[in-house]
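Engineer: One structure, pasted below without further comment.
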Amino acid sequence: MSQSVLYTIILIFYIIFCVNNGLTQYNDGVLNDRIQNVFGNSRGNTKNVNRGGFGEIVLPEPENISPTQAPQVINTNGQICKCVPYWMCEPSNNPTTSTTDSRFFGEIDVRFNPQTCQDVLDVCCTPNRETNEVIVPPKPPLSVQQPTGCGIRNVNGIDFSLAGNLHNEAGFGEFPWTVALLSQHTECLCGGSLIHPSVVLTGAHCVFNITSRDLKIRAGEWDTQTTKERLPYQERDIQSIIIHPEFNSKSLANDVAILILDQPVTLDQHINVICLPSQGYFSNSQSCFASGWGKDVFGKEGKYSVIMKKVQLPMVPFHSCQSSLRKTRLGSRFNLHHSFVCAGGEPDIDTCQGDGGSPLVCPVGIASDNRYVQIGAVAWGIGCRDALPAVYTNIALFRDWIDQHVQQYGFDSSIYSY
């Protein structure tokens with residue numbers, strides 16, 4: 001066989017290989033597109049798996065907290081003042097300040113106003129009230145009985161109340177159990193809930209095929225673009241990931257995972273554990289809350305929240321939820337797995353992409369205690385902000401499994417009981 005013939009044969013085989021490989025990639029792409037139609041892109045009436053995409057959190061180093069550049073401004077009263085973190089200005093300098101509750105520093109306006117400070121947590125402080133020391137709000141009188149234990153919501157937040165053009169922003173420390181699940185490069189992946197100082201609960205889909213060394217959690221976060229909160233966030237690495245053995249990565253059935261931290265977080269006003277329901281518990285509350293930093297809508301046009309948001313949602317009966325979902329692209333034969341619960345179904349009120357694994361909590365016990373129990377963890381939904389319920393992992397179904405693994409690590413499971 002001549003050398004030229006040999007080269008020709010090799011060339012023919014090469015062309016055949018390239019064509020076949022290209023067709024295979026194309027067919028895989030078509031298959032992936034069809035899967036995406038059910039399991040997770042931005043088209044309407046598709047099943048969107050809520051994992052990933054908070055985007056990178058850009059932050060200065062916590063120790064570099066200082067007044068903003070060119071800090072002197074003239075406030076609306078014509079006074080010259082200086083932009084400093086809110087806890088470096090005596091509250092009596094602010095006429096809206098109230099010392100009668102936990103919002104000791106008065107109001108913080110979340111709107112950007114070129115006549116005032118550029119950082120949302122800076123306030124315009126006149127020189128006679130500025131201090132270089134952290135101002136700590138006084139403790140409430142002993143006569144005021146404060147509820148203790150798991151699941152205590154700080155209604156409307158601590159330190160300050162919010163003013164301005166609000167879009168469901170949660171108060172600072174309002175949901176002290178909500179944590180962010182981050183990559184080691186500080187990119188937000190999902191949400192989660194603190195159930196023990198050393199244990200976080202999240203969705204299995206959030207950590208599926210990811211190693212513990214690639215992850216960390218952040219507790220006590222509020223505004224992802226600043227470190228000027230009086231009480232700092234705490235980050236911990238992940239020691240172990242425990243995914244439920246019956247988790248189905250296609251249907252998301254049994255979508256729950258436990259994260260064991262390398263060291264415990266320190267509980268504080270803005271960091272606390274959530275209560276867990278007993279095995280088989282069910283809530284029909286119409287005043288549940290989901291919290292996190294997810295998008296306002298699915299797809300490229302959606303914007304991620306900088307400040308933690310909250311959404312008040314009603315629980316939806318299982319069969320009503322299944323009936324609603326059957327009217328979508330999922331089809332009339334769709335069967336909702338028993339490991340899910342549903343909430344929402346009101347137009348423009350929903351949990352969206354990026355909220356995956358974040359807690360759905362409902363009130364429990366005496367109303368004045370503001371105590372909440374975690375009923376669900378965000379799993380998936382059809383579209384976003386549509387008049388369809390969103391689907392959550394049924395945490396009560398997994399209480400015994402959670403207890404088993406928490407106790408195996410020598411931790412006290414009673415901390416999340418009420």
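Residues in the sequence shown are numbered consecutively from 1, following the UniProt record's numbering.
For every residue, glycine included, the Cβ atom is placed at its ideal position computed from N, Cα and C.
(1) Who are the near neighbours of Gln79 in its chain, counting only those whose CB is closer than 7 Å to its CB and skipping five residues on each side?
(2) What does the alpha-carbon distance come out to for the pair Gln374 and Lys82?
(3) Contact between the stretch 242-250 and the stretch 267-287 is defined here as three or more beta-carbon pairs at a separation below 8 Å; is this criterion met?
(4) In the DSSP assignment, what residue or residues form a beta bridge with Ala290?
(5) On the premise that Ile395 lies in contact with Pro277, defined as a C-beta separation below 8 Å, what is that separation, rounded to the nearest angstrom?
(6) When you compare the CB positions of Cys150 and Ile274, do they come within less than 8 Å of one another, or not?
(7) Taking 8 Å as the threshold, find out whether the stretch 161-176 comes into contact with the stretch 221-238 through three or more Cβ pairs.
(8) Do you know offhand how far Tyr281's Cα is from Leu397's?
(9) Run through the stretch 162-242 for me and flag every whole beta strand (DSSP E) of 3 or more residues, listed as ranges in chain order.
(10) Contact criterion: CB-CB distance below 8 Å. Does Gln322 meet it with respect to chain B?
(11) What did DSSP end up calling Ile415 once you bin it into helix, strand or coil?
(12) Excluding the 5 residues preceding and the 5 following Leu267 in the sequence, name in chain order all residues of the same chain whose CB lies nearer than 7 Å to its CB.
(13) For Tyr409, which option in Gln263, Phe334, Val306 has the closest C-alpha, if you only look at C-alpha atoms?
(14) Taking only the alpha-carbon atoms, compute the straight-line gap between Ile382 and Val391 and give it to the nearest angstrom.
(15) Does DSSP put Gln322 in a helix, a strand or coil?
(16) Which residues mark the beginning and the end of the beta strand (DSSP E) in which Trp380 is found?
(17) What does a CB cutoff of less than 8 Å around Arg326 pick up in its chain, not counting 5 residues either side in sequence?
(18) Go to Ile274, then tell me how far its beta strand (DSSP E) extends in each direction, as first and last residue.
(19) Report all residues from its chain with a CB closer than 7 Å to the CB of Leu252; omit the five preceding and five following residues, and keep chain order.
(20) Does the beta-carbon distance from Gly365 to Tyr416 come in below 8 Å?
(21) Starting from the C-beta of Ile238, find all residues in its chain whose C-beta is less than 6 Å away, skip the five residues before and the five after it, and write them out in chain order.
(22) Given a cut-off of 8 Å, decide if Gly357 and Cys190 are closer than it, judged by their beta-carbon atoms.
(23) Between Ala377 and Leu201, is the Cβ-Cβ spacing less than 8 Å?
(24) Just to check my reading of the structure: Pro359 and Thr178 have Cβ atoms closer than 8 Å, yes? What is that Cβ distance to the nearest angstrom?
(25) May I ask you to report which of helix, strand or coil DSSP gives Ile152?
(26) Pick out whichever of Asp355, Thr328, Pro317, Val207 has its Cα sitting closest to the Cα of His338.
(27) Going by DSSP, what residues sit across from Leu397 in a beta bridge?
(28) Span of the beta strand (DSSP E) holding Val341?
(29) Just the Cα atoms here: how many angstroms apart are Gln269 and Ile158?
(30) The beta strand (DSSP E) with Leu259 in it runs from where to where?
(31) Output the boundary residues of the beta strand (DSSP E) element that contains Cys81.
(32) Under a Cβ-count criterion, where at least 16 other Cβ atoms within 10 Å of its own Cβ denotes burial, should Ala257 be classed as buried or exposed?
(33) Hey, could you find the ends of the beta strand (DSSP E) Val123 is sitting in?
(34) Keeping to the same chain, check which residues put their C-beta closer than 7 Å to that of Pro176; ignore five residues upstream and five downstream.
(35) Under the three-state reduction of DSSP, which class applies to Val406: helix, strand or coil?
(36) Around the Cβ of Glu187, are there at least 16 other Cβ atoms within 10 angstroms (buried) or fewer (exposed)?
Structural biologist: Straight from the coordinates:
(1) Taken in chain order, the residues that qualify are Thr126.
(2) Put simply, the backbone Cα of Gln374 is about 42 Å away from that of Lys82.
(3) These segments do not touch.
(4) Looking at the DSSP output, Ala290 bridges to Val311, Leu360.
(5) Indeed they touch by this definition, with Cβ atoms about 6 Å apart.
(6) At a Cβ-Cβ threshold of 8 Å, Cys150 and Ile274 count as neighbours.
(7) Touching, yes, given that three or more Cβ pairs across the two stretches are closer than 8 Å.
(8) Looking at the two C-alpha atoms, the distance is approximately 8 Å.
(9) Counting whole runs of 3 or more residues, the stretch 162-242 contains the beta strand (DSSP E) stretches 178-183, 187-196, 199-202, 215-219.
(10) Within the model displayed, chain B is absent; a lone protein chain is all it includes.
(11) The answer is helix: DSSP assigns Ile415 an H, G or I state.
(12) Cβ within range, chain order: Pro197.
(13) Checking every option, the nearest Cα to that of Tyr409 belongs to Gln263.
(14) About 9 Å.
(15) In the three-state DSSP reduction, Gln322 falls in the helix class (H, G or I).
(16) Trp380 -> beta strand (DSSP E) spans 372-382.
(17) Contacts found: Ser332, Arg333, Phe334.
(18) Careful: Ile274 lies outside any beta strand (DSSP E) and carries neither H nor E.
(19) Excluding residues within five positions, the ones whose Cβ falls inside 7 Å are Val49, His205, Ala379, Trp380.
(20) Taking 8 Å as the Cβ cut-off, Gly365 and Tyr416 do not qualify as a contacting pair.
(21) So the list reads Ser212, Leu215, Leu259, once near-sequence residues are dropped.
(22) With contacts defined by Cβ atoms closer than 8 Å, Cys190 and Gly357 form a contacting pair.
(23) Contact check for Ala377 against Leu201 passes: the beta carbons are separated by less than 8 Å.
(24) Indeed they touch by this definition, with Cβ atoms about 6 Å apart.
(25) Strand, per DSSP.
(26) Selected option, being the one with the closest Cα: Pro317.
(27) None, per the DSSP bridge assignment.
(28) That run of the beta strand (DSSP E) goes 340-344.
(29) Taking the straight line from one Cα to the other gives about 8 Å.
(30) Per DSSP, the unbroken beta strand (DSSP E) holding Leu259 starts and ends at 257-261.
(31) Where Cys81 is concerned, the enclosing beta strand (DSSP E) stretches over 80-85.
(32) Looking at its Cβ environment, which holds 16 or more other Cβ atoms inside 10 Å, Ala257 is buried.
(33) That run of the beta strand (DSSP E) goes 122-125.
(34) Counting only Cβ-Cβ distances below 7 Å, and skipping sequence neighbours, we find Asn154, His270, Ile271, Asn272.
(35) Of the three classes helix, strand and coil, the one that applies to Val406 here is helix, per DSSP.
(36) If you draw a 10 Å sphere on the C-beta of Glu187, you find fewer than 16 other C-beta atoms in it, and that means exposed.
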